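Using UniProt numbering, the letters of the sequence shown correspond one by one to residues 1 to 260.
C-beta atoms are modelled at their ideal positions from N, C-alpha and C, and glycine is treated no differently.
Note that this is a predicted model, so its numbers are computed, not measured.
Inspection log for the structure reproduced underneath, given as structure tokens.
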Amino acid sequence: PKFPLKLYSHQVGGHTPFFWISDKALCKPLNNNERDFYELINKYHHDLNKFLPKYYGVVILKVKKHDNNALKKFIVIEDLTRGFKKPCVLDLKMGTRQHGVFATKKKRLSQERKCELTTSKSIGVRMCGMQVYKTSTDTTIFHNKYQGRNVSKERFSHEILSFFDNGEKLLVHYIPDIIIQLKELYSIVKNLKTFRLYSSSLLLYYDGAWDTKNDTEIHCKKREQYNSEKYNSNDYVTVSCPPSHPNEPDLGYLFGLKNL
Ligand SMILES: Nc1ncnc2c1ncn2[C@@H]1O[C@H](COP(=O)(O)OP(=O)(O)O)[C@@H](O)[C@H]1O
Ligand SMILES: [Mg+2]
């Protein structure tokens, strides 16, 4: 069927644009690691699903670009901001390491440098993008990933608080619930011994048009996955950048969660 894909307009981070495929779901350009991650979690680790958007599978769409039609693959995932009047979203890049297990040397060095220069290395999390609705001026403010990279370790908690600042007051009543959810996420990730969540985004979001305790939600989403059953220690020759502690859970991610 033919239908226009509308650009998803509340994206605060990421590399590629997303599209609305319905009023509930988004199309995100396919990344095989991400698809495998959703499928493995659905099969083996249901407990993490509550921290993931619903995953509906892969679609192939004919996309028109400069008079050419190209077939492109997308994953279809739940739109977490559906129905929100004023979506406020904070994208946190988690972990002390960002490069995947198949990274080239060049990629590894550039990612390591970014980690060194940002809070990724020192606290295991960095701000990636943010949008916050200010009731006082009826405007939404944006911070991009470059602003996020410039946040120092000392300023980090202050910047996080600005996500709860609606221009009139700090919505601190959201925080206790978020801490409970982060702790739950911690205990789940601690048991994901064969997974690596390099470069994954943890999204915090709420509807800025509402200011009641019930609507806080926090959401986490992972992109890169590494499954050591697939690449056990005998197979390291095939992997350019193996994890340093293959039999442990993702310690860099847990470090970031603890600091959050
Ligand atoms: N399920 C979702 N619902 C609503 N917004 C989303 C969802 N997933 C991602 N986003 C938005 O898109 C941005 C980029 O998403 P992300 O999955 O981190 O992309 P990438 O894998 O390229 O880093 C996020 O910062 C967020 O604003
Ligand atoms: Mg991301």
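For D91, the CB falls within less than 7 Å of some heavy atom of ligand 1. Closer than 7 Å to some heavy atom of ligand 1: that does not describe the Cβ of I41. Under the three-state reduction of DSSP, I21 is assigned to coil, being neither helix nor strand. Judged by DSSP in its simplified three-state form, E116 adopts helix. Inside the segment 66–146, DSSP marks whole alpha helix (DSSP H) runs of 4 or more residues at positions 105–117, 119–123, from first to last along the chain. Sequence-distant Cβ neighbours of K54 in its own chain, meaning closer than 6 Å and more than five residues away, are E78.
Between the segment 103–123 and the segment 29–49 there are fewer than three C-beta pairs closer than 8 Å, too few to call the two in contact. Bridge partners of P29 according to DSSP: F74. Counting of Cβ neighbours within 10 angstroms places L48 among the buried residues, the total reaching 16 or more.
Judged by DSSP secondary structure, S157 falls within the alpha helix (DSSP H) whose first and last residues are 156–162.
Less than 8 Å separates the beta-carbon of K114 from that of R149. Each residue's CA atom was taken as its position, placing L251 and P4 some 43 Å apart. If you draw a straight line from the Cα of V58 to the Cα of V239, it comes to about 26 Å.
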